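Scroll down for the structure; my scribbles are underneath it.
There are 2 protein chains.
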Amino acid sequence: MNEAHRSGCPINLTLEILGDRWSLIVLRDMMFGNRRHFRELLLKSEEGIASNILADRLKRLVDKGLLTRTADPSHKQKALYSLSEMGIALVPVFAVMGAWGRKFLPVTEELSIRAELLENGGPRMWEDFMQELRNIHLGAPPPAQSVLAGLQKAYEDLVAAKSAVA
Amino acid sequence: MNEAHRSGCPINLTLEILGDRWSLIVLRDMMFGNRRHFRELLLKSEEGIASNILADRLKRLVDKGLLTRTADPSHKQKALYSLSEMGIALVPVFAVMGAWGRKFLPVTEELSIRAELLENGGPRMWEDFMQELRNIHLGAPPPAQSVLAGLQKAYEDLVAAKSAVA
DNA sequence: GAATCTGATTGTATTACGCAAGCAGTTTTC
DNA sequence: GAAAACTGCTTGCGTAATACAATCAGATTC
Numbered sequence: 001m002n003e004a005h006r007s008g009c010p011i012n013l014t015l016e017i018l019g020d021r022w023s024l025i026v027l028r029d030m031m032f033g034n035r036r037h038f039r040e041l042l043l044k045s046e047e048g049i050a051s052n053i054l055a056d057r058l059k060r061l062v063d064k065g066l067l068t069r070t071a072d073p074s075h076k077q078k079a080l081y082s083l084s085e086m087g088i089a090l091v092p093v094f095a096v097m098g099a100w101g102r103k104f105l106p107v108t109e110e111l112s113i114r115a116e117l118l119e120n121g122g123p124r125m126w127e128d129f130m131q132e133l134r135n136i137h138l139g140a141p142p143p144a145q146s147v148l149a150g151l152q153k154a155y156e157d158l159v160a161a162k163s164a165v166a
Numbered sequence: 001m002n003e004a005h006r007s008g009c010p011i012n013l014t015l016e017i018l019g020d021r022w023s024l025i026v027l028r029d030m031m032f033g034n035r036r037h038f039r040e041l042l043l044k045s046e047e048g049i050a051s052n053i054l055a056d057r058l059k060r061l062v063d064k065g066l067l068t069r070t071a072d073p074s075h076k077q078k079a080l081y082s083l084s085e086m087g088i089a090l091v092p093v094f095a096v097m098g099a100w101g102r103k104f105l106p107v108t109e110e111l112s113i114r115a116e117l118l119e120n121g122g123p124r125m126w127e128d129f130m131q132e133l134r135n136i137h138l139g140a141p142p143p144a145q146s147v148l149a150g151l152q153k154a155y156e157d158l159v160a161a162k163s164a165v166a
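Protein chains in written order, with UniProt numbering: chain A, 1 to 166; chain B, 1 to 166.
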């Protein structure tokens, strides 16, 4: 039935799903970049994932329950990927991982502004963000205020400010 | 100088260091299991890491600045591995990853009791734990109360209770 | 009806992982 | 004081994951 697990430790089981160099990148792009289709994930990612790896990860993440795949009504060939509650629940993981990366690694200013806002916003902001993701991906009622729009605006403002200087 | 990074995103840079199936396992065992020597990490891990992988990960983690390696005065051949501040700062990452794993994955009760306590303890407990790790690994002043002992006791009590029933 | 867009798949090369065995120096045991 | 056990690894080898480039068939657009 089940493939054998290395152990029943929560950290280990989490690593068995997310412990590679691409899974969290795909989820990050869906979550913060609102990418929902294969081609968007393939072409608009900063890191340049290969198409076979992306196909494999999408399949895996659907299998494991972090994503769902449905047909896109607007285009018979389009597949629409959505975050499940299990995927949405990774928001705090991204928040603290981003905070750690920002503190210790050579991040660029543009690509870490959203992590900074999310870190400063704290659990309350994370919860709002999760509710917004439930709205977008699961059809749940929207939150009082859009976190995603705020993150995106901060990023775009910073990019604009930088390119104005340069 | 620097190996090229895929991008300057904090999540990506974090994954470039920790995005594999073993790095966080090694750090977990050092942090929560107080393993400081090669053989301890090799033999006492639940998951059974291979010796060449362990050697590689220790080297990598020292290179990246999460660990330090020093000679053990008690034994001329022993190497003592210690967490750096960069490694200790992963406590919140373990806490939220553990919480996620506990919520969605088939964890065992014994191996998740510590994750549960850490989750319920919240950021205040994480900070105490980090101070305790600074004391153990960096020689900093100890915290008011030992978190590690509490986690370990809860684990052992649970194991004892389970084996008494069985 | 040609070009483009869709989610992929295929082929090939390189790198990482997993397993078992071995190794030289150090310490312990008797 | 010699044998056994322990130390942090290394080596060899087979398998799996990853990376890169090219390709594909059906759907849509122009």
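No residue lacks a Cβ here, since even glycine has one placed at the ideal position from N, Cα and C. This one's a predicted model, so the numbers in the text were calculated from it and none came from an experiment.
What residues are listed by DSSP as bridge partners for residue i?
i	result
B/Tyr81	B/Arg69
Can you grab the Cα-Cα spacing for the pair residue i / residue j, in whole Å?
i	j	result
A/His37	A/Ile88	17 angstroms
A/Ala160	A/Ala154	10 angstroms
A/Arg69	A/Gly33	18 angstroms
A/Arg60	B/Val107	20 angstroms
A/Gly143	A/Ser163	For the sequence presented, residue 143 of chain A should be read as Pro rather than Gly. When rounded, the distance between both Cα atoms is 33 angstroms.
A/Glu109	B/Arg6	15 angstroms
B/Arg124	A/Leu90	21 angstroms
B/Leu138	B/Ser82	8 angstroms
A/Pro10	B/Ser112	6 angstroms
A/Leu15	A/Phe94	14 angstroms
A/Leu41	B/Ala79	44 angstroms
A/Asn2	A/Asp63	Caution is warranted here: a pLDDT of 44 is assigned to A/Asn2, below 50, making its placement in the model unreliable, and the coordinate value is therefore given only provisionally. Each residue's alpha carbon lies about 12 angstroms from the other.
B/Gln152	B/Arg114	8 angstroms
B/Leu117	B/Pro141	23 angstroms
A/Leu58	B/Leu158	38 angstroms
B/Leu24	A/Ser74	42 angstroms
B/Leu18	A/Gly19	8 angstroms
A/Ala50	A/Ala4	28 angstroms
residue 215 of chain B	A/Met31	Because chain B here runs from 1 to 166, residue 215 of chain B falls outside it and cannot be looked at.
B/Gly150	B/Asp29	16 angstroms
A/Ala99	A/Glu119	6 angstroms
A/Leu66	A/Gln145	25 angstroms
A/Glu47	A/Asp56	17 angstroms
A/Val147	A/Phe129	5 angstroms
A/Asp72	A/Lys44	19 angstroms
B/Leu54	A/Asn12	16 angstroms
B/Gly8	B/Glu156	43 angstroms
B/Met97	A/Arg35	24 angstroms
A/Pro92	B/Lys76	44 angstroms
A/Arg21	A/Asn52	14 angstroms
A/Gly101	A/Asn135	28 angstroms
B/Arg39	A/Val26	36 angstroms
B/Gly121	A/Gly121	20 angstroms
A/Trp126	B/Ala166	42 angstroms
A/Lys103	B/Gln131	18 angstroms
So which residues on chain B does residue i lean against when the C-beta distance must stay under 9 angstroms?
i	result
A/Asp20	Leu15, Gly19, Asp20 and Arg21
A/Glu127	The contacting residues do not exist; A/Glu127 stays about 13 angstroms from chain B at best.
A/Ser74	Residues of chain B passing the Cβ test: none, with the nearest at roughly 30 angstroms.
Kindly say whether residue i, judged by its beta-carbon, lies nearer than 8 angstroms to any beta-carbon of chain A.
i	result
B/Ile25	yes
B/Ala89	yes
B/Glu46	yes
B/Leu54	no
B/Val107	yes
B/Lys162	no
Residues of chain B with a CB under 8 angstroms from the CB of residue i: which are they?
i	result
A/Arg102	Pro10
So with Cβ pairs under 8 angstroms, would you call residue i a contact of chain B?
i	result
A/Met1	Here A/Met1 scores only 36 on pLDDT, less than 50, and its place in the model should not be relied on; the value that follows carries that caveat. So no, A/Met1 is outside the interface.
A/Leu111	yes
residue 175 of chain A	Absent from the model: residue 175 of chain A. The displayed extent of chain A is 1 to 166, so no value can be given.
A/Thr68	no
A/Met31	no
Can you pull the chain A neighbours of residue i, defined as C-beta to C-beta under 7 angstroms?
i	result
B/Val96	Pro92, Val93 and Val96
B/Arg28	Ile11
B/Ser7	Glu46, Glu47 and Leu111
Can you find a heavy atom of the ligand MG that lies under 7 angstroms from the Cβ of residue i?
i	result
A/Val26	With respect to the ligand MG, the structure offers nothing, as it holds no ligand at all.
Selection of the region 116-150 of chain A by Cβ proximity to chain B, strictly under 7 angstroms: Residues passing the 7 angstroms Cβ filter: none.
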